[in-house]
Structures are given as C-alpha cells and as structure tokens.
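> Let me begin by handing over the structure; questions about it come next.
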Amino acid sequence: MHEQRDSDNASGDALVTRLVELEPGKREHWQAQIEACQALAQHVHSVVSAPAGQAWLATLATHPISSVRAIAVSAFGSGREPAHQHILVQALADPDPHVVYAALEGLTAQTSDEVFDVLVKLLTETAREQGWSGRSAAQRIAETSDPRRLDVLAAALGEVYHGAEHEIVRALSRAGDPRVGPVLIEHLRHRRPGRFAAAEVLGNLRVTAAIGPLIDMLRESDDDLQSLPVLQALGKLEAREAAPTIVTLLDDSSLYVRYAALGALNRIGGPLATPAALKATDDVHPAVRSRAFRVLAKHGDHRALGRLAAACDGWHVYAALTGLDRLADDSLAPTLAQVLVTTEERRVRKLAGRILARIDPGHHLPGYDPDPLVRRVIVWVIGQRPDPSHIWTLQRSLEDEDELVRSRAAAALGRITHEKTLPLLTEALRDPRPRVRANAATALGRTGADDLGSLLADAVVDPHPAVRSAAAAALRATGH
C-alpha cells in the first residue's frame, strides 16, 4: 500500500516537474505545455479520492505555478465533496483567474451561500478578458438561497458586459419574479451596458411597464443585432403601441431585423399586421417572405386572401393554407381543389380537404382521381356536406379498389336523405372488408329506415365483431 502511494506521488511529482520546466510564453512550448497539463490533470483526478493523494494535492494547491494550482483545485472541486470545499474557498482569493474559475466550478450551493459576498465581488469586479469567471460566479449566485440573489443579479446586469449576462438572464427568467422589473427598466433608461440583456429578461417576465422604455430603445438603436432582443421583448409583451415603430423596421437593411420585426408583429397582431406582412411577402430574402406568410396566416384579414391563394402554388403552401383555413371563403374552392390533386404532402392535402369541407366546394371537386390518397380526401369532404347531388360520386366510390375510399363513401351516404341511399348501403353490407360493412351498418342506422331490423339482419350475425357491434349500436340508437 505504501509503495503504491509513494509510486503515485513520485509519478505526480515528475509530471509537475515536467510542466514547470517548460518555459511559459514560448510558442514552441505551447503544444508541450498543453500535453503536460492534460497528463497532470488526468493523474490528479485519479488520486483525489485517496487520503494520500489528497494530502499531496493540498501541497499542489499552493504551488507557485498557477497552472499547477488550477489543476489541483479543479481536482478538489470535481466531486463537489463537502470535505474539500474549504480549499476551494481559499482559492477564490488566488491572484490567477484560472485558479479562481476552477474553484468556482467546484463550489456547492451551501458553500456558495457562505461566500455570497465574495461571489458578488467576483461578478461585479471581474475584468472583461476574464469573462468565464464572471459567468461562473453568476451561476453560483443563482444557485444560492440568499434572499438578495435576484436583486444582486438584476443590479449587476446593468454593468456586466463580459459574458455573464447570459447566465444572469437565464437565472432571472427562470426565477420568474417580476419584482426585479424596476431595476431592469432603469438599465434601459440610463442606457447601461447590459440594457439589451435586461430587455430580454423584461420580455420573459412580461413586465408591461417596460414597454415605453423598450420602444424608446428601439427608436434610438443604431445596432441591428442589439435591436433583436428589444423586438423579441416587445413581441412577448404583445405591445400594440409598438407596432408603428416595428413596421418601419421592415425596410431595414438587415434581414435579421426584418425577420425579428415580423416575429414581433406576429405576436402583437392588430390592424397594422396585415398590410405590413403583405408588403413583406415581396421581400428579397426567402426567410423573411416565409415569416410574412405566417403573419398573414395568423392575422391576415380578407385583404390577404389573394396573396395567400397565390402562395398555394409554391413553397409557402402550408402557411398559406393555415391562413385560408381561418378565413374559409367560398371563392377559394378552385385553388383548394387544385392543391388537393397536385400536392404530394399529406399534411397539405389534409388541410386543403378540411377547408373544402367548411366551404361550398361547388363543382370544383373532381369526381375521380388516379391517386387513392386524393380520392380518400374527396370522399371525406363530400361526407361533411350532405348533398344529394354527390350520390353518383359516392356510388362510384363504393366500387373503388381502395378499402378506405369505400368505407368513407358508406359513411357519407348515411348523411344523405335520398331514395337511392338504402339500396346502396344494403349492397355495401356485402363488401368483403369488415371496415366497409361496419360503416355501412352505422350509416343505415342514421337513415332511420322503418325496416332497419330486416336490413341489418345479416350484419348482426356477421363473422366480424366490429360489424356486429356497429349493427347492434345502430339498432339500439333507433329503438329497434
């Protein structure tokens, strides 16, 4: 045992010596330094669980070379063991930021509570080039139970600009406490460095009092990318009063700004959404045009009918159909019928059929199509609007080679009152497929025929349980 311990320590000392001998700063030593650091890190993590290894690592944590100290501290923090936390706390005062970062990464939530004020100092005083330490300090502060943590993070957000803002935004948004709103709004009003991150949090927290300052920021911003979180925040706040300012950004030179402006309008809606989106459907960039059609699909009024109908013959067909589904105008029947028979996308075909079922398709539905998937939708659409003029189409569909077409035709006939309905459904009871026979039995029940019992006599003893069940249900529903 002692020999193994001595061997481990000797190997570790050799690795430390190798790292120390490599003169820092020389370009020709960089790769060797990286390899030496990796080898030492691998070794210290293998011995940190042994008492002898911990004692040896404790000496390395005070080594004059910062890279050695950082590796030792990282090993002590790797398991977040309570027994090692005091070493990490001491390392927080180390002059080298790499050592401090290693210590921050290993702190437990309980230890972070105990050193809360130290964490706050590290967050607010970390230099820009050492941003990773600031981010880690923000993470540890967010994990504490200290009642000051949200106020501290909100106040710090106005000043930090070294990357910690991402961690602070996440922490404040997850906490969901709108009481930090006034502090964040002050960041906007005083144009502090973290104001754009503050805008993101205000949007996430739905702080409506921020709408005015956010609009002012949007008007004054001269940085395309920095205006994006402001647009997103105004969208989340559904700030109707911001719409006029947002619409002007649809002429911005940046496609990202135009895209984000449409995203905000999509959330906000209102009378300006339709004309703005109509204009944006002519944008030079396809991503912007695509989002414009989504705005029209959600908010477009009848002024958008023509543009949405025209878009059905292109890449934006599904978004266009979504808007046409909401508007559901009879004049769309020719366009929808064309989409139905030409598209190869199942969801597009299904949506076109759903809209046709809500409007009057007139004579635009084809009586037959070579594609069984199209025939299925046609028969389903017909079945949603009981019209005796479609009996011939349904009669032909009962002879279709596709089982689902025959099944839907039988169901559709049950909704039509006509002298030809009963004999057609009676014939369908002899279909070779049980799905068709079951639908025919259910449809006969809907007709309310006086001699329903005799019509369903064979169905109640059908060899398939689904047919027998459908026939029995039809008889019960009509009191037979």
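Counting from 21, one number per residue, gives the positions in the sequence shown under the working numbering.
Note that beta-carbon positions come from the ideal geometry of N, C-alpha and C, so glycine has one too.
Where does Ile188 sit, in a helix, a strand or coil, going by DSSP?
Position 168 of the sequence shown holds residue 188. Of the three classes helix, strand and coil, the one that applies to Ile188 here is helix, per DSSP.
> Using only the alpha-carbon positions, how far apart do Pro381 and Leu495 sit?
For this step, residue 381 is matched to residue 361 along the sequence shown. For this step, residue 495 is matched to residue 475 along the sequence shown. Approximately 34 Å between the Cα atoms of the pair.
> Compute the Euclidean distance between the alpha carbons of Val277 and His83, then round it to the nearest angstrom.
Position 257 of the sequence shown, counted from the first residue, corresponds to residue 277. Position 63 of the sequence shown, counted from the first residue, corresponds to residue 83. For Val277 and His83, the distance between alpha carbons rounds to 52 Å.
> Of all the alpha helix (DSSP H) runs that stay within the bounds of the stretch 90-117, which reach a length of 4 or more residues?
Fully enclosed alpha helix (DSSP H) runs of 4 or longer: 105-111.
> May I ask you to report which of helix, strand or coil DSSP gives His484?
By 1-based counting over the sequence shown, the position of residue 484 is 464. The answer is coil: DSSP assigns His484 none of H, G, I, E or B.
> Taking contact to mean 3 or more Cβ pairs, one atom from each stretch, closer than 8 Å, check whether the stretch 115-127 and the stretch 154-173 are in contact.
Touching, per the Cβ criterion.
> Is the CB-CB distance between Gly326 and Leu347 below 9 Å?
Sequence index remark: in the sequence shown, residue 326 carries index 306 (1-based). Sequence index remark: in the sequence shown, residue 347 carries index 327 (1-based). Not closer than 9 Å, so no.
> Going by DSSP, what residue range makes up the alpha helix (DSSP H) through Leu143?
Position 123 of the sequence shown, counting from 1, holds the residue named residue 143. 136-145 is the span of the alpha helix (DSSP H), which, as asked, contains Leu143.
> May I have a chain-ordered list of the alpha helix (DSSP H) segments no shorter than 4 residues that lie completely inside the stretch 321-356?
Segments of the alpha helix (DSSP H) lying fully in the stretch 321-356: 325-331, 337-347.
> Identify whether Gln24 lies in helix, strand or coil by the three-state DSSP scheme.
Counting from 1 along the sequence shown, the entry for residue 24 is found at position 4. Because the pLDDT of Gln24 is 49, which lies under 50, any placement of that residue in the model is unreliable, and the number read from its coordinates should be weighed accordingly. Three-state result, Gln24: helix.
> With a threshold of 8 Å on Cβ separation, who are the neighbours of Leu442 within its own chain once the five nearest residues in sequence on each side are excluded?
Taking the sequence shown and counting its residues from 1, one reaches residue 442 at position 422. Within the same chain, Leu442 has close Cβ partners Leu464, Thr467, Ala469, Leu475.
> I need the straight-line Cα distance from Ser165 to Glu206, nearest angstrom please.
Numbered from its first residue, the sequence shown carries residue 165 at position 145. Numbered from its first residue, the sequence shown carries residue 206 at position 186. Their Cα atoms are separated by approximately 25 Å.
> When you compare each of Thr265, Ala259, Asn224, Tyr279 to Leu238 by their alpha carbons, which one comes out closest?
Residue 238 sits at position 218 when you count from the first residue of the sequence shown. Taking only the C-alpha atoms, the option nearest Leu238 is Thr265.
> What does a CB cutoff of less than 7 Å around His22 pick up in its chain, not counting 5 residues either side in sequence?
Within the sequence shown, residue 22 is the residue found at index 2, counting from 1. Here the model assigns His22 a pLDDT of 48, short of 50, so the residue's position is not dependable and the matter cannot be decided.
> Which of the three DSSP states, helix, strand or coil, is assigned to His410?
As a working note, residue 410 is residue 390 in the sequence shown. It is helical.
> In whole angstroms, what separates the C-alpha of Val480 from that of Gly334?
Within the sequence shown, residue 480 is the residue found at index 460, counting from 1. Within the sequence shown, residue 334 is the residue found at index 314, counting from 1. Rounded to whole angstroms, Val480 to Gly334 spans 51 Å at the Cα level.
> Going by C-alpha to C-alpha distance, which of Leu371, His322, Leu449, Trp76 sits closest to Ser351?
Along the sequence shown, read from residue 1 onward, the residue named residue 351 stands at position 331. The residue with the shortest Cα to Cα distance from Ser351 is His322.
> For Leu495, does the three-state DSSP call read helix, strand or coil?
If you number the sequence shown from 1, residue 495 lands on position 475. Three-state result, Leu495: helix.
> Could you pull out every residue in the same chain whose Cβ sits closer than 6 Å to the Cβ of Val40, ignoring the five residues on either side in sequence?
For the purposes of this step, residue 40 is identified with residue 20 of the sequence shown, where counting begins at 1. Excluding residues within five positions, the ones whose Cβ falls inside 6 Å are Ile85.
> Where does Leu251 sit, in a helix, a strand or coil, going by DSSP?
Taking the sequence shown and counting its residues from 1, the one referred to as residue 251 is at position 231. Three-state DSSP puts Leu251 in a helix.
> Whole angstroms is fine: what's the gap from Arg455's alpha carbon to Gln358's?
In the sequence shown, counting from the first residue as 1, residue 455 sits at position 435. In the sequence shown, counting from the first residue as 1, residue 358 sits at position 338. Going from the Cα of Arg455 to the Cα of Gln358 covers about 30 Å.
> Give the range of the alpha helix (DSSP H) segment to which Pro264 is assigned.
Reading the sequence shown from its first residue, position 244 is the one you call residue 264. Note, Pro264: alpha helix (DSSP H), 263-268.
> Per DSSP, what kind of secondary structure is Thr363 in: helix, strand or coil?
Along the sequence shown, read from residue 1 onward, the residue named residue 363 stands at position 343. Looking at Thr363 - three-state DSSP - the assignment turns out to be coil, as it is neither helix nor strand.
> For Ser310, I'd like the list of residues in its chain whose CB is within less than 8 Å of its CB, leaving aside the five on either flank, ordered along the chain.
For the purposes of this step, residue 310 is identified with residue 290 of the sequence shown, where counting begins at 1. Cβ within range, chain order: Trp335, His336, Ala339.
> Starting from the C-beta of Ile54, find all residues in its chain whose C-beta is less than 6 Å away, skip the five residues before and the five after it, and write them out in chain order.
The residue given as residue 54 occupies position 34 in the sequence shown. So no residue of the chain qualifies.
> Taking Cβ positions, are Val267 and Asn286 nearer each other than 9 Å?
By one-based count along the sequence shown, residue 267 stands at place 247. By one-based count along the sequence shown, residue 286 stands at place 266. No. Outside cutoff.
> Rounded to the nearest angstrom, what separates Thr462 and Arg435 at their Cα positions?
The sequence position of residue 462 within the sequence shown is 442, counting from 1. The sequence position of residue 435 within the sequence shown is 415, counting from 1. Going from the Cα of Thr462 to the Cα of Arg435 covers about 11 Å.
> Should Val93 and Leu108 be called a contact, given that it needs their Cβ atoms to be closer than 9 Å?
The count along the sequence shown starts at 1 and reaches residue 93 at position 73. The count along the sequence shown starts at 1 and reaches residue 108 at position 88. Yes, Cβ-Cβ distance for Val93 and Leu108 is below 9 Å.
> Considering only heavy atoms of the ligand COA, does any lie closer than 8 Å to the CB of Glu187?
The ligand COA is not among the ligands present in this structure, which contains no ligands whatsoever.
> Can you tell me the Cα-Cα spacing of Thr363 and Leu371, whole angstroms?
Here the question's residue 363 lines up with position 343 in the sequence shown. Here the question's residue 371 lines up with position 351 in the sequence shown. Between Thr363 and Leu371, the C-alpha separation is close to 11 Å.
> Round the Cβ separation of Val361 and Val394 to the nearest angstrom and send it over; I've been treating them as touching at under 8 Å.
Position 341 of the sequence shown, counted from the first residue, corresponds to residue 361. Position 374 of the sequence shown, counted from the first residue, corresponds to residue 394. With a Cβ gap of about 5 Å, Val361 and Val394 count as contacting.
> State the DSSP-derived secondary structure class of Thr128, mapped to helix, strand or coil.
What you label residue 128 is simply residue 108 of the sequence shown in a count that begins at 1. Coil, per DSSP.
> Comparing alpha-carbon positions, which option in Asp272, Ala195, Ala218 lies nearest Leu204?
Start at 1 with the first residue of the sequence shown, and residue 204 comes out as number 184. Cα-wise, what sits closest to Leu204 is Ala218.
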